[in-house]
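Going by the working numbering, the residue at position 6 of the sequence shown is 131; the numbering climbs one at a time, nothing skipped.
For every residue, glycine included, the Cβ atom is placed at its ideal position computed from N, Cα and C.
Note that the structure is a prediction, hence the values are computed from the model and not measured.
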Amino acid sequence: MNEKRAKLLTIKDDLNILVDFLAKRDIESLTSNALEEKYKISQVDLLILFGGCIPEGIEVFHAAYENNFAKNYMIVGGAGHTTDILRSKMQLVLHDFDVADKSEAEIMMMYLKQKYDMQDVILETKSTNCGNNVINALDLVKQMQLNVKSIVFIQDTTMQHRMEAGFRKYLKDDVKLINFAGYKVYFTIKDDKLMIEDNDLWGMWDKYKYMELLLGEIPRLRDDINGYGPNGKNFIAHVDIPLRVEQAFLNLKQQLNVQIRKANELFATK
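Okay, here's the thing in structure tokens:
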């Protein structure tokens, strides 16, 4: 094995360590059988789709709806750092609508109504970041007096773990929180090039954006002065980051010319 291929294999393996850590899924599928098998319930009280997810998440959400997976359905998302990307992708399929000034939740709901005539979905349209995504969603639950003891949520692979930590900061202990990352895509080597493995996911990030988002999460999840944990900005609950994940991140930071995304102050909680 030549040196270049060995280096690529190491980079691939390190990126896939980040994918596995960030793309949390507590159940195999969004079905009653999966819930029964692990949690002894046939239906979850609330299924939430977060607008930061790639458009593929909309189809995942709809499939769960068709499976009668939840008692209540919610889409959460105002405008944040990925909203313009979502708008550009969704405008391609929403020909009869102008999505330029619409929130993530509104855009996703437009598509669900147009394609599936889907109704009875609660929309949260004001949040701008992971922190107030969670706070606003839980405020809506309270305002609507929903009896929620179990929540499954779908977020982008890159943000699923952080969103869970946000929920843990604000949720009562008697509410069961269940992760289901919207997709799980790994890196591979093809023709001596680092690639995202073949997939037909709608709106999947390009290779470089995917790497940027994955690497950007580790500093945010840390519980230190610069992180989002209680000892830093205090946006999320404490997250234990395994040593192998930290090592993978440090290796990648050295090897890849990827800009670590900084938080955009435009979308900070006011």
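Unbroken beta strand (DSSP E) runs of no fewer than 3 residues, entirely contained in the segment 193 to 280, are found at 195 to 201, 247 to 249 and 275 to 279, following chain order.
LYS315 is bridged by DSSP to LYS318. Cβ-Cβ separation between ILE152 and ILE303: approximately 6 Å, consistent with a contact (criterion under 8 Å). In the three-state reduction of the DSSP assignment, ASN141 falls in the helix class, which pools H, G and I.
Assigned with DSSP and collapsed to three states, ILE183 falls in helix. Classified as buried, ILE173 has 16 or more neighbouring CB atoms from the shown chains inside 10 Å of its CB. With contacts defined as CB atoms closer than 8 Å, ALA148 and LYS309 qualify as a contacting pair.
Looking at GLU322, GLY203, MET234 and GLN244, the one whose alpha-carbon comes closest to that of ASP226 is GLY203.
In this chain, ILE166 is not harboured by any beta strand (DSSP E), its DSSP state being neither H nor E. The residue among GLU184, ARG212, MET336 and GLU249 with its C-alpha nearest the C-alpha of LEU155 is GLU184. The criterion of a C-beta distance shorter than 8 Å is not satisfied by VAL246 and MET320.
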